[in-house]
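Peer 1: So that we are looking at the same thing, I have put the structure below in structure tokens.
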Amino acid sequence: MESVLQIRQLVKRYHGMDHPVLQGLDMTILPGERYGFLGPNGTGKTTTVSILSGLLVPDSGEVFVLGNSMPDKRKQVTTQIGVVPQNIALFPELTALENLRIFGSLYPITSARLKQRIHQLLELYGLTAFARKPVKTFSGGMKRSLNIIAGILHEPKFLLLDEPTVGIDVQTKALILDNLRQLNEEGTTILYTSHDMDEAQHFCTRVGIIDHGKLIAEDTPAALIQSCPDCSNLESVYLHLTGKSLRN
Amino acid sequence: MSKFTALLYKDFLLLLRDKAGLLFMFLMPMALVLVMTGMQEGAFSSHADKHIALIIDDQDKDTVGVTITRKLQQESLFDVTVANDAEKGMTEERLKELVTQGKYLIGIYIPDSTTLRIRDNAANAIEDALPHPQNDDSTDSTDTVTETQIRIYIDPTTERSFRQILSGHIRLASLQVEHDIILDEISSALCKATRQEEGSVDLSDTQNIDLQEIIAGDDTQNSMFNAAVHNVPAWTLFAIFFIVISFSGNLIKERQDGSFARLMTTPCSYFIYLTSKLAVYLTVCLLQFFLIVAMGIWLFPVVGLPEFSMAGHLGYCLIVVVCAALAAIGFGMIISTFATTHQQAATFGAVAVVILSAIGGIWVPTFLMPKFLNALSKVSPLNWGIEAFYDILLRGKGPQAFMPKCALLLTFALICFTIAVLSKKKELK
């Protein structure tokens, strides 16, 4: 089975930093997976997502997204992937509908299909009544939902989610995760970063734990829990592997 | 919608929703052009329209006094009041007091026997100069030149250059009178010396030097410097460059809220992203130009300001506007590259544009500036713009004259774009 994502010996160093943030990362994601990419702050999760989405150029290593080398085949990759950034990357002065029309129009999707998708997704996330309201008037949960919708309008084959549920209430989180699960069942492979271990344990089919720029563990949540003595959940496995010292 | 259309739609919507930004970009320059033109109209307008209050006390009551009074009365520059008509028993002290009180801007005091003294001086000088064969001793004339002084009192609040203009007018009138008297005396002396009948020699109708004022330029039909012809293009350029605040703020905001990064994760390229912004802000600049020009053409005459005329050179003016707009957009990009917050960009952008406009000759024309500022103005892109407009509107020149200034603006834009794009590439790495 051809992998959706293949990363080999990925290295990335930021200017002025002593150590590379990514120090030879290897990672593979297969089609249909909901891959949880977990790790303490500053270990390279967002850097990896930025490289995969074409925002950053790696120093060395190989990255293949849907069979296309990055950043060389950036255009082919960006048409097929969806990116949901950590922050609410929308235009607050514009309405939900205007935001979605703009982001959707940047992908190879017909106007009719885009219109249909906007209607369908606003309905799914309970935002139809707010479609013509400026995003700046939305609650945190509504903004998060819209942030996700803007990333999946074009039915991407591979979706990169960088902490998509941070700072929202339980109900909205449940709605978002249910919809993402449904999207995954419809064929979209998901790479998901989070600090919520409970959420990752229940949502992801496989997780990879990154520390000091390298993958230190990778398996299904159940297998990881089983492999760790005295560990009852993913959070205890995570703490066992990465330690309790503060990271920043 | 294509990618470009989508981004264009986004940028136009964002601009339309930014009410404060729109006020800054449109209302502020429109208000400035009106206020500044009104303020500068006094300084730039012909002095002939001014009607300056002048009082003249003619104690001479002879040729000099009468002629100077008549000549000044004929000049529309002055509103002449004859002292005795204003107050009986006027003295020089009282005249001075009236000027000091600000009732008159100028007071002229012509002393008693001024004409007589000029005549005597001239006659003595001629007599000394002519040969006297019968009496060789006559060359040792003991006649002395009597000083004749016309005193001009000027309101102390009068600006120096304006004072010089006023003094010049009065000096010219008195010199003409003196010149006529001297010629009259020479004519009379020549008649005597040649034993001709009095009046047979008349030098007063000799041809004077005629000064002809010709405005240098290829098409000078409409090229008269006034407040409108300076302020309309000047404030258009200021408005164009003031978009750097909105433009750089917009770029920084999109960078900070992550929407720029998100756009860059889509199939949209950085080139398309910039092109749509460029198109939107170029449209803004053209709108600013048309609005300010429309004010100059239709509103200025209504409020008593000189009407602005493009002298049929709209096409040339548009070339300058587009070049200036590109330079301004490039400058905005540079600011957004190095500023980290919207506040930084707004503060730096506003201060930079005000300084560049001040030294560039937007607030006051460069010819009124001190030498070092005049030299410094050459580095301001706003100066290149205003000089290009002067070439078109005042000097009546064609593309060969204004295109080098446009080339400077385009080079400036290109340098800014290059730095910004290279900096973006560096950031990507």
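Protein chains in written order, with my numbering: chain Y, 3 to 250; chain E, 22 to 450.
Note that beta-carbon positions come from the ideal geometry of N, C-alpha and C, so glycine has one too.
Could you tell me which whole alpha helix (DSSP H) segments of length 4 or greater appear in the region 48–93 of chain E?
Peer 2: Correct list: 49–65.
Peer 1: Since residue 39/Y is in the beta strand (DSSP E), which residue starts that stretch and which ends it?
Peer 2: Translated into the one-based positions of the first sequence, residue 39/Y becomes position 37. Start and end: 36–40.
Peer 1: Does any C-beta atom of chain Y lie closer than 7 Å to the C-beta of residue 24/E?
Peer 2: Your numbering for residue 24/E matches position 3 in the second sequence. True, the Cβ-Cβ gap to chain Y drops below 7 Å.
Peer 1: Along chain E, which residues have their Cβ under 8 Å away from the Cβ of residue 157/Y?
Peer 2: In the first sequence, counting from the first residue as 1, residue 157/Y sits at position 155. Going along chain E, no residue has its Cβ under 8 Å from residue 157/Y, so there is no contact; the nearest lies around 14 Å.
Peer 1: Quick check: the Cα distance between residue 46/Y and residue 11/Y, rounded to an integer number of angstroms?
Peer 2: Residue 46/Y sits at position 44 when you count from the first residue of the first sequence. Residue 11/Y sits at position 9 when you count from the first residue of the first sequence. Using only the alpha carbons, I get a separation of about 13 Å.
Peer 1: Below 7 Å on C-beta distance, what does residue 27/E contact in chain Y?
Peer 2: Sequence index remark: in the second sequence, residue 27/E carries index 6 (1-based). Simply 104, 107, 108.
Peer 1: Work out the CA separation of residue 287/E and residue 86/Y for me, nearest whole Å.
Peer 2: By one-based count along the first sequence, residue 86/Y stands at place 84. By one-based count along the second sequence, residue 287/E stands at place 266. The straight-line gap from Cα to Cα measures roughly 11 Å.
Peer 1: Verify the CB distance criterion: does residue 282/E have a CB-CB separation below 7 Å to chain Y?
Peer 2: Here residue 282/E refers to the residue found at position 261 of the second sequence. Yes - at least one Cβ of chain Y is within 7 Å of the one on residue 282/E.
Peer 1: Can the beta-carbon of residue 33/Y be found closer than 7 Å to that of residue 51/Y?
Peer 2: On the first sequence, position 31 is the one that residue 33/Y refers to. On the first sequence, position 49 is the one that residue 51/Y refers to. In this structure, residue 51/Y does not lie closer than 7 Å to residue 33/Y by Cβ.
Peer 1: Across the region 130–139 of chain Y and the region 163–179 of chain Y, are there enough close Cβ pairs to call them in contact, namely three or more that are closer than 8 Å?
Peer 2: Contact fails: fewer than three Cβ-Cβ distances are below 8 Å.
Peer 1: Beta-carbon of residue 38/E versus every beta-carbon of chain Y: anything under 7 Å?
Peer 2: As a first step, residue 38/E is located in the second sequence; it is residue number 17 there, counting from the start. Yes, its Cβ sits closer than 7 Å to a Cβ of chain Y.
Peer 1: Roughly how far, in whole angstroms, is the beta-carbon of residue 170/Y from the beta-carbon of residue 143/Y, given that I think they are within contact range, below 8 Å?
Peer 2: Position 168 of the first sequence, counted from the start, is the residue given in the question as residue 170/Y. Position 141 of the first sequence, counted from the start, is the residue given in the question as residue 143/Y. So it is a contact: roughly 4 Å between Cβ atoms.
Peer 1: Who are the Cβ neighbours of residue 161/Y in its own chain at under 6 Å, not counting the five residues just before and after it?
Peer 2: Taking the first residue of the first sequence as 1, we reach residue 161/Y at position 159. Answer for residue 161/Y: 84, 190, 192, listed in chain order.
Peer 1: Quick one: what's got a C-beta closer than 7 Å to residue 221/E's C-beta in the same chain, skipping five residues either side?
Peer 2: The count along the second sequence starts at 1 and reaches residue 221/E at position 200. So the qualifying residues of the chain are 212.
Peer 1: Using CA coordinates, which residue listed in 140/E, 349/E, 437/E is at the minimum distance from residue 257/E?
Peer 2: Reading the second sequence from its first residue, position 236 is the one you call residue 257/E. That would be 349/E, whose Cα lies nearest to the Cα of residue 257/E.
Peer 1: Can you pull the chain E neighbours of residue 100/Y, defined as C-beta to C-beta under 9 Å?
Peer 2: Here residue 100/Y is taken as the residue at index 98 of the first sequence, counted from 1. In chain order: 30, 31, 34.
Peer 1: From the DSSP output, in three-state form, read off residue 208/Y for me.
Peer 2: The residue labelled residue 208/Y in the question sits at position 206 within the first sequence. It is a strand residue.
Peer 1: Within this structure, are the beta carbons of residue 71/Y and residue 13/Y separated by less than 7 Å?
Peer 2: Position 69 of the first sequence holds residue 71/Y. Position 11 of the first sequence holds residue 13/Y. In this structure, residue 13/Y does not lie closer than 7 Å to residue 71/Y by Cβ.
Peer 1: Go ahead and label residue 200/E buried or exposed: buried means 16 or more other beta carbons lie within 10 angstroms of its beta carbon, across all protein chains shown.
Peer 2: Start at 1 with the first residue of the second sequence, and residue 200/E comes out as number 179. Label assigned to residue 200/E: exposed.
Peer 1: Can you pull the chain Y residues whose beta carbon is under 9 Å from the beta carbon of residue 285/E, in chain order?
Peer 2: Numbered from its first residue, the second sequence carries residue 285/E at position 264. Chain Y residues near residue 285/E: 55, 56, 57, 80.
Peer 1: Is there a C-beta anywhere in chain E that falls below 7 Å from the one on residue 89/Y?
Peer 2: Here residue 89/Y is taken as the residue at index 87 of the first sequence, counted from 1. It does: the Cβ of residue 89/Y has a partner Cβ on chain E nearer than 7 Å.
Peer 1: Quick one: list the residues of chain Y neighbouring residue 288/E, beta-carbon separation under 8 Å, in chain order.
Peer 2: Taking the first residue of the second sequence as 1, we reach residue 288/E at position 267. Under the 8 Å cutoff, chain Y gives 77, 80, 81, 108, 109, 110.
Peer 1: What residues are listed by DSSP as bridge partners for residue 64/Y?
Peer 2: As a working note, residue 64/Y is residue 62 in the first sequence. Bridge partners of residue 64/Y: 10/Y.
Peer 1: Of the choices 84/E, 41/E, 198/E, 75/E, whose alpha-carbon is the least far from that of residue 184/E?
Peer 2: The residue you call residue 184/E lines up with position 163 of the second sequence. Nearest of 84/E, 41/E, 198/E, 75/E to residue 184/E, Cα basis: 75/E.
Peer 1: Could you tell me the alpha carbon to alpha carbon distance between residue 445/E and residue 76/Y, rounded to whole angstroms?
Peer 2: If you number the second sequence from 1, residue 445/E lands on position 424. If you number the first sequence from 1, residue 76/Y lands on position 74. Using only the alpha carbons, I get a separation of about 17 Å.
Peer 1: For residue 53/E, tell me which candidate among 293/E, 322/E, 384/E has the shortest Cα-Cα distance.
Peer 2: Along the second sequence, one-based indexing puts residue 53/E at 32. The residue with the shortest Cα to Cα distance from residue 53/E is 384/E.
Peer 1: From residue 230/E to residue 86/E, what distance separates their C-alpha atoms?
Peer 2: As a working note, residue 230/E is residue 209 in the second sequence. As a working note, residue 86/E is residue 65 in the second sequence. Answer to the nearest angstrom: the Cα atoms are 24 Å apart.
Peer 1: Excluding five sequence neighbours on each side, which residues of the same chain lie with their C-beta closer than 8 Å to the C-beta of residue 61/E?
Peer 2: In the second sequence, residue 61/E corresponds to position 40, counting from 1. The residues are 248, 251, 252, 385.
Peer 1: For residue 43/Y, does the count of other Cβ atoms within 10 angstroms reach 16, so buried, or fall short, so exposed?
Peer 2: Taking the first sequence and counting its residues from 1, the one referred to as residue 43/Y is at position 41. Flag for residue 43/Y reads exposed.
Peer 1: If you draw a straight line from the alpha carbon of residue 73/Y to that of residue 187/Y, how long is it in whole angstroms?
Peer 2: Counted from its first residue, the first sequence places residue 73/Y at position 71. Counted from its first residue, the first sequence places residue 187/Y at position 185. Approximately 28 Å between the Cα atoms of the pair.
Peer 1: Under three-state DSSP, which class holds residue 160/E?
Peer 2: The count along the second sequence starts at 1 and reaches residue 160/E at position 139. Bear in mind that the predicted position of residue 160/E carries a pLDDT of just 49, short of 50, making it unreliable; the figure below should be weighed with that in mind. Residue state, collapsed to three classes: helix.
Peer 1: Identify which residue in 111/Y, 214/Y, 21/Y has its Cα closest to the Cα of residue 245/Y.
Peer 2: Position 243 of the first sequence, counting from 1, holds the residue named residue 245/Y. Of 111/Y, 214/Y, 21/Y, the residue nearest in Cα terms is 214/Y.
Peer 1: Where DSSP assigns a beta bridge to residue 29/Y, which residues make up the other side?
Peer 2: The residue given as residue 29/Y occupies position 27 in the first sequence. Partner(s): 9/Y.
Peer 1: Check whether chain E comes within 7 Å of residue 126/Y, counting only Cβ atoms and requiring the distance to be less than that.
Peer 2: Numbered from its first residue, the first sequence carries residue 126/Y at position 124. Not an interface residue.
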